[in-house]
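In this note's numbering, the protein residues as written are 13 to 275. Where a beta carbon is used, it is the ideal one built from N, C-alpha and C, also for glycine. Just so you know, these numbers come straight off a predicted model, no measurement behind them. Accompanying notes for the structure given below.
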Ligand code: IPD
C-alpha cells in the first residue's frame, strides 16, 4: 500500500495540470457537448478532455489503480486504490464563465462505494482563483500552506450552502428541506460546485452545507477536506454521504443540521 503522502503529491500535480487545461479551454470559449440526466445537466468538451487527461496521467503513474469519473466508464482496481474524479465540478458555472469551478480528485481504498470506501487523499483545485485545497487522511487539510479548521456559527446563525438537482421533479423536495433549515441560518448560498462548498466548510468560509442527489465524485475529495479540518460528514439517515443526502458542518452545528433535515 503506497504512503498517502505519495498519492497526495501525485493528485496535486495532476490537479494543477488538469486545472490549467480547464482554464485554457475556458479562455478559448466553451462548447456544450451534450446534456445528461436533464436538459439543465450539461457536459462540455472540456469536461471530457480534462477527465481524459487526468485518467491518462493517473494510468501512467499507477496502472493498477481503479478509476471512477464523472464523464467516462469505471475501471476496477487491482491495487486496492481507486481514484474518484470530477474533472470540472461546477460545469454550469464553467459554461457561463463564472469563475467558481474545480477539478476534484480523491484516492480511496477498499470498495469504491461511498458507503464503504476509506478516503485517503482529497484534492480540490479552482484554477480560476488559484486556490488549491488538499487533505491527507489522519494528517489534516490545507488551502495552499494554510491548515484548515471548520467554524462554529455565531449567535447570528449559520452561513449555510446547498444545491438543487438538475431534475425539476426534485425541486419541491429541495424547497421543503430549505424551509426546514432556514431557522438555523443567517443566510444561504448556492454557489454551484459541491466540491468547493465542502472545501469552504473545511476552510470555515461556510458553517455548513447539505445537498440531495450528489454523486461519489462530487463529494469524495471535499468530504475528506471537511473531516480532516475537524468537521463532521453524514448522509441519511445517520449514514454516510450519498445520493439521498450529504451533510457537512462543524461539530457544534452538525447535529442541529441533521435534526432539522429530519434524518
Ligand atoms: C454539480 C455541482 C452542483 C451540484 C450538482 C452537481 P457538476 O456537479 O457540484 O453544485 O448542485 O448536484 O452535479 O455537474 O457541475 O460536475
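Quiz item: From 118, 149 and 125, pick the residue whose C-alpha is nearest to that of residue 136; which is it?
Solution: Position 124 of the chain shown, counting from 1, holds the residue named residue 136. When each option's Cα is compared against that of residue 136, the closest is 118.
Self-check item: Residues of its chain near residue 53, where Cβ-Cβ distance is below 7 Å and the 5 sequence neighbours each way are ignored
Solution: As a first step, residue 53 is located in the chain shown; it is residue number 41 there, counting from the start. Result list for residue 53: 47 and 178, in chain order.
Quiz prompt | residue 61 Cβ short of 8 Å to the ligand IPD heavy atom set | solution = As a position in the chain shown, residue 61 is number 49, starting the count at 1. It does not: the Cβ of residue 61 is nowhere closer than 8 Å to a heavy atom of the ligand IPD.
Quiz item: What is the DSSP secondary structure of residue 266, reduced to helix, strand or coil?
Solution: Taking the chain shown and counting its residues from 1, the one referred to as residue 266 is at position 254. Reduced to three states, the DSSP call for residue 266 is helix.
Quiz item: Alpha carbon to alpha carbon, how far is residue 120 from residue 43?
Solution: One-based indexing of the chain shown puts residue 120 at position 108. One-based indexing of the chain shown puts residue 43 at position 31. Each residue's Cα considered, the two are about 32 Å apart.
Exercise. Identify, in the order they occur along the chain, each residue of the same chain with its Cβ nearer than 6 Å to the Cβ of residue 224, setting aside the five sequence neighbours on each side.
Key: As a first step, residue 224 is located in the chain shown; it is residue number 212 there, counting from the start. Excluding residues within five positions, the ones whose Cβ falls inside 6 Å are 257.
Exercise. Would you check whether the ligand IPD has a heavy atom nearer than 8 Å to the C-beta of residue 183?
Key: Working through the chain shown from its first residue, we reach residue 183 at position 171. Residue 183: no, Cβ never under 8 Å from the ligand IPD.
Quiz prompt | residue 156 classed as buried or exposed, judged by whether at least 16 other C-beta atoms fall within 10 angstroms | solution = In the chain shown, the residue the question calls residue 156 occupies position 144. Per the 10 Å Cβ criterion, exposed.
Exercise. Figure out for me which residue from 72, 252 and 196 has the closest Cα to the Cα of residue 22.
Key: One-based indexing of the chain shown puts residue 22 at position 10. Ranking the options by Cα distance to residue 22, first place goes to 72.
Quiz item: Straight-line CA distance for residue 108 to residue 190?
Solution: Position 96 of the chain shown, counted from the first residue, corresponds to residue 108. Position 178 of the chain shown, counted from the first residue, corresponds to residue 190. C-alpha separation (whole angstroms): 25 Å.
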